[in-house]
Amino acid sequence: MGELPHARSFRDLIVYRKARQLAQEIFEYTKAFPKEERYSLTDQIRRSSRSVGAQIAEAWAKRRYEAHFISKLTDADAECQETSHWIETARDCGYLTPEQSAVLLAKCEEIGRLLAGMMAKSSLFCGTPTYTVREETAEYFITTDY
-13 MGELPHARSF
-3 RDLIVYRKAR
7 QLAQEIFEYT
17 KAFPKEERYS
27 LTDQIRRSSR
37 SVGAQIAEAW
47 AKRRYEAHFI
57 SKLTDADAEC
67 QETSHWIETA
77 RDCGYLTPEQ
87 SAVLLAKCEE
97 IGRLLAGMMA
107 KSSLFCGTPT
117 YTVREETAEY
127 FITTDY
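If you read the sequence shown in the working numbering, its first letter stands for residue -13, the second for the next number, and so on.
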């Protein structure tokens, strides 16, 4: 496979690390959101921002199949776009300053560009792994006891 030699795990991907950092920053900001937003805006922005990294991790696990890999990266991008929406909503409600939201939105845009690059060059990430896994011989028994 044309796997990138320096990325042995999804944790090695710059886009994954940036997504995790964004989710953590959003978590810190949302601690100050009003209590009445706990089950709406706070929950939504935390979930969508955390989902970006999770979708990237899932994409990595499915990279053997290029279409699945791209599909999961597309999901990550969609979650990133949703996060942008919630950032703008939080700004409009006065929970984030224009400066805070601008920084967070710029990070969302950067993550989106990195995801687009991965999708455009998906063949570098996908295919049959070059490593092998060995298992010891297992015995399986079939019983008719119900």
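No residue lacks a Cβ here, since even glycine has one placed at the ideal position from N, Cα and C.
Go ahead and pull the three-state DSSP assignment for Gln30. To locate residue 30, count along the sequence shown from 1; it is residue 44. Of the three classes helix, strand and coil, the one that applies to Gln30 here is helix, per DSSP.
Run through the segment 77 to 107 for me and flag every whole beta strand (DSSP E) of 3 or more residues, listed as ranges in chain order. Counting only runs of 3 or more, we get nothing.
Along the alpha helix (DSSP H) that carries Ala9, what are the first and last residues, could you check? Translated into the one-based positions of the sequence shown, residue 9 becomes position 23. Under the DSSP assignment, Ala9 falls in the alpha helix (DSSP H) whose first and last residues are 0 to 16.
Does the separation of the CB atoms of Ser87 and Glu74 fall below 8 Å? In the sequence shown, counting from the first residue as 1, residue 87 sits at position 101. In the sequence shown, counting from the first residue as 1, residue 74 sits at position 88. Going by C-beta atoms, Ser87 is nearer than 8 Å to Glu74.
How should Cys66 be labelled, buried or exposed, when 16 other C-beta atoms within 10 angstroms of its C-beta is the threshold for buried? As a first step, residue 66 is located in the sequence shown; it is residue number 80 there, counting from the start. Answer is buried; the Cβ neighbour count reaches 16.
Look at the Cβ atom of Leu8, then the Cβ atom of Lys107, and state whether they are nearer than 8 Å. As a first step, residue 8 is located in the sequence shown; it is residue number 22 there, counting from the start. As a first step, residue 107 is located in the sequence shown; it is residue number 121 there, counting from the start. Contact: no.
According to DSSP, simplified to helix, strand and coil, what is Gly113? Looking up residue 113 in the sequence shown gives position 127. Gly113 carries a coil assignment under DSSP once its states are collapsed to helix, strand and coil.
Is the beta carbon of Leu27 sitting closer than 8 Å to the one on Ala76? Reading the sequence shown from its first residue, position 41 is the one you call residue 27. Reading the sequence shown from its first residue, position 90 is the one you call residue 76. In this structure, Ala76 lies closer than 8 Å to Leu27 by Cβ.
My output table needs one value for Ala(-7): the three-state DSSP class, helix, strand or coil. To locate residue -7, count along the sequence shown from 1; it is residue 7. It is coil, neither helix nor strand.
Leu82 versus Tyr2, Phe(-4), Arg6, Lys17, residue with shortest Cα-Cα distance: If you number the sequence shown from 1, residue 82 lands on position 96. Ranked by how close their Cα comes to the Cα of Leu82, the residues Tyr2, Phe(-4), Arg6, Lys17 have Lys17 in first place.
Going by Cα to Cα distance, which pick from Ile97, Ala53, Ala102, Asp61 is closest to Arg6? Reading the sequence shown from its first residue, position 20 is the one you call residue 6. Residue nearest to Arg6 within the set Ile97, Ala53, Ala102, Asp61 is Ile97 (criterion: CA-CA distance).
Alpha carbon of Phe13 to alpha carbon of Arg32, nearest angstrom: Working through the sequence shown from its first residue, we reach residue 13 at position 27. Working through the sequence shown from its first residue, we reach residue 32 at position 46. Counting only the Cα atoms, Arg32 lies some 6 Å from Phe13.
Would you identify the three-state DSSP class for Cys36, choosing helix, strand or coil? Reading the sequence shown from its first residue, position 50 is the one you call residue 36. Note that residue 36 is Arg in the sequence shown here, rather than Cys. Arg36 falls in the helix class under three-state DSSP.
Ala53 versus Ser37: straight-line alpha-carbon distance, rounded: Indexing the sequence shown from 1 puts residue 53 at position 67. Indexing the sequence shown from 1 puts residue 37 at position 51. Linking Ala53 to Ser37 through their CA atoms gives a straight-line distance of about 20 Å.
C-beta contact flag for Ala62 and Ala47 at 8 Å: Within the sequence shown, the letter at position 76 stands for residue 62. Within the sequence shown, the letter at position 61 stands for residue 47. Contact annotation: Ala62 and Ala47 have beta-carbon atoms that are not nearer than 8 Å.
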